[in-house]
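Q: Below is one structure. I have some questions about it.
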Amino acid sequence: HKKNFIKNKSGVENSEKIVTNSANNNTNPNNNNNDDGKEMIKTINFDDISTKIERLEYDLSQQTKSTEVMLRLLKNIGKMAKMMNKTVDEVINDGKLLRSLIGPPPNKKPVICVLLFACNRVTVKRNLEQLFKYRNDSEIFPIVVSQDCNHEPTRQIIESYGDKLTFIQQPDQSDIILKGKNQKKFKGYYKISRHYGWALNYTFNVLNYETVLIVEDDLDISSDFFEYFLALYPLLRSDSSLYCISAWNDNGKQSLIEKDPTKLFRSDFFPGLGWMLTKDLWLEFQHKWPKAFWDDWIREPEQRKNRACIRPEISRTRTFGKKGVSNGLFFEKHLKFIHLNDEFVPFTKMNLSYLL
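The letter at position 217 of the sequence shown is residue 217 when you use full-length UniProt numbering, and the numbering goes up by one with no holes.
As structure tokens, then:
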């Protein structure tokens, strides 16, 4: 057999002739099909075969994607039902819950889930309005609001935003019993820690986000809030000596700070009040999450493990929550004096490698 490749006008080999010589290959003397010695020629169009193979590969890839989505859905339905105190049927029949179970779509962009903690402050609207105002990409920064307390007016405000956000509610509203004198005043801290643990577990392990940016219902944010976190996201993901990025400077009073909005620092003190963490850190924390005072717990050496947070010289958040578990004492003495940055800094266009 001879194989010859035929080239088209552009010189590209695109088909093959398989040539069979009757004199050499016809062993039957009674066979008169090619008794004149003519060649039998069969042409195979490789362009057509290539197209069919590509189509088959595409169909298989789509089936694989569909299977992956279904497996993820089935795996998490039971988990969601348990965490939401619902039956499996209730989850299956709730379209919004099912959409959240599928999780964020495949995306080449970074995805940083903004997790807003709410309770009984109707002023959550103030924070939400700022988040939507300064966010310029909803795919990079999807918003999830987690509410505790079952406060109806707050719930109505959150739900008024519809599909612009994902709304989840902490299902365990049981009372917390504390023994000992003067312990009742700490009950709020126990409820906050319970809410944080549940919502972080849900966001990472049910909604399947890999990075979460935590904000609270009493925070103002600066115009470059999202720019700041987007620029520092690659550092947090790549540098194992970091465990958080924070928007807050605990010493951010006007009289104590330099007037340079571009300055950022590594700190061995966990700042909080607008901070970003990865799923890897949560998997490290989830099984030992404290019953109260979670922020002090994170600052302990056993949790910090010589890792640092990045924080700005000038804060990108400011709290307006005078009323809370601390009864406003710390707010009046300190928090209300923290300066909120008022100058946009294009951090994503800057070289931040000095922080590594």
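Each residue gets a CB set at the ideal place from its N, CA and C atoms; glycine is no exception.
Report the residue from Gln286, Arg307, Leu232 whose alpha carbon sits nearest the alpha carbon of Phe269.
A: Comparing Cα positions, the closest option is Arg307.
Q: By Cβ distance, which residues of its chain are closer than 6 Å to Gln170, with the 5 residues on each side in sequence left out?
A: Answer for Gln170: Asp148, His195, Trp198, listed in chain order.
Q: Whole angstroms are fine: how far does the CA of Asn120 sit from the CA of Asp175?
A: Near 16 Å, if we compare the C-alpha coordinates of Asn120 and Asp175.
Q: Within the same chain, show all residues whose beta-carbon is closer than 8 Å to that of Asn150, passing over the 5 residues directly before and after it, in chain order.
A: Hits under 8 Å: Gln169, Gln173.
Q: Which class does Arg237 belong to by DSSP, given the choice of helix, strand or coil?
A: Reduced to three states, the DSSP call for Arg237 is helix.
Q: Could you say which of Val88, Glu302, Asp295 lies nearest to Tyr190 if we only look at CA atoms?
A: Per the Cα distances, Asp295.
Q: Give every residue of the same chain whose Cβ lies closer than 6 Å to the Cβ of Pro29, excluding the five residues on either side of it in the sequence, and list them in chain order.
A: In this prediction, Pro29 has a pLDDT of 47, which is less than 50 and means its spatial position is unreliable; nothing more can be read from the coordinates.
Q: Less than 6 Å between C-beta atoms, sequence neighbours within five positions excluded: which residues of the same chain meet that for Leu356?
A: So the list reads Asp239, once near-sequence residues are dropped.
Q: I think Asp218 touches Thr319, with their Cβ atoms under 8 Å apart; what is that distance to the nearest whole Å?
A: That pair is a contact at about 5 Å.
Q: Pairs of beta-carbons, one from the region 291 to 305 and one from the region 331 to 340, closer than 8 Å: are there three or more?
A: Contact fails: fewer than three Cβ-Cβ distances are below 8 Å.
Q: With contact counted as at least three CB pairs below 8 Å, one residue from each stretch, are the region 157 to 164 and the region 247 to 254 in contact?
A: Flag = no, the region 157 to 164 and the region 247 to 254 do not touch.
Q: Quick one: Cα of Tyr134 to Cα of Phe226, how far?
A: The alpha-carbon atoms of Tyr134 and Phe226 are separated by roughly 7 Å.
Q: Locate the alpha helix (DSSP H) running through Gln156, then write down its first and last residues.
A: Note, Gln156: alpha helix (DSSP H), 152 to 159.
Q: Could you please give the first and the last residue of the uninterrupted beta strand (DSSP E) stretch that includes Gln147?
A: Note, Gln147: beta strand (DSSP E), 143 to 147.
Q: At the level of alpha carbons, what is the spacing between Phe186 and Thr67?
A: Each residue's alpha carbon lies about 48 Å from the other.
Q: Quick one: Cα of Val345 to Cα of Val144, how far?
A: C-alpha separation (whole angstroms): 26 Å.
Q: Under three-state DSSP, which class holds Pro110?
A: Pro110 falls in the coil class under three-state DSSP.
Q: Skipping 5 residues on each side, what residues in its chain have a beta carbon closer than 7 Å to that of Gln130?
A: Excluding positions up to five away in sequence, the list reads Asp220, Ile221.
Q: Ordered along the chain, which non-local residues of its own chain (more than five positions away) have a Cβ less than 8 Å from that of Asn136?
A: So the qualifying residues of the chain are Phe226.
Q: Checking 8 Å against the spacing of the C-beta atoms, do Val215 and Gly274 come in under that value?
A: Contact flag set, yes.
Q: Can you list the beta strand (DSSP E) stretches of 3 or more residues lying completely in the region 194 to 220, in chain order?
A: Here the runs fully enclosed are 211 to 216.
Q: Where does Ser79 fall in DSSP's three states?
A: Rather than Ser, the amino acid found at residue 79 in this sequence is Lys. Of the three classes helix, strand and coil, the one that applies to Lys79 here is helix, per DSSP.
Q: Determine the DSSP secondary structure at Ala308, reduced to helix, strand or coil.
A: Ala308: strand per DSSP, three-state reduction.
Q: Thinking Glu343 and Thr278 are a contact (beta carbons under 8 Å), I'd like their distance in whole angstroms, please.
A: Not a contact, Cβ separation roughly 29 Å.
Q: Just to check my reading of the structure: Glu313 and Phe265 have Cβ atoms closer than 8 Å, yes? What is that Cβ distance to the nearest angstrom?
A: Right, the Cβ-Cβ distance comes to about 7 Å (below 8 Å), so this counts as a contact.
Q: Within this structure, are the beta carbons of Ile140 and Leu236 separated by less than 8 Å?
A: Not a contact, by the Cβ cut-off of 8 Å.
Q: Straight-line CA distance for Tyr354 to Val91?
A: The alpha-carbon atoms of Tyr354 and Val91 are separated by roughly 47 Å.
Q: Counting along the chain, where does the beta strand (DSSP E) carrying Ile245 start and finish?
A: Residues 242 to 246.
Q: Whose C-beta lies closer than 8 Å to the C-beta of Asn25 among residues of the same chain, with five residues either side of it excluded?
A: Note that Asn25 has pLDDT 46, beneath the 50 cutoff, so the model's placement of it is unreliable and the number below is only indicative. The answer is none, since no qualifying residue turns up.
Q: Which value, in whole angstroms, describes the spacing of the CA atoms of Phe285 and Val88?
A: Each residue's alpha carbon lies about 28 Å from the other.
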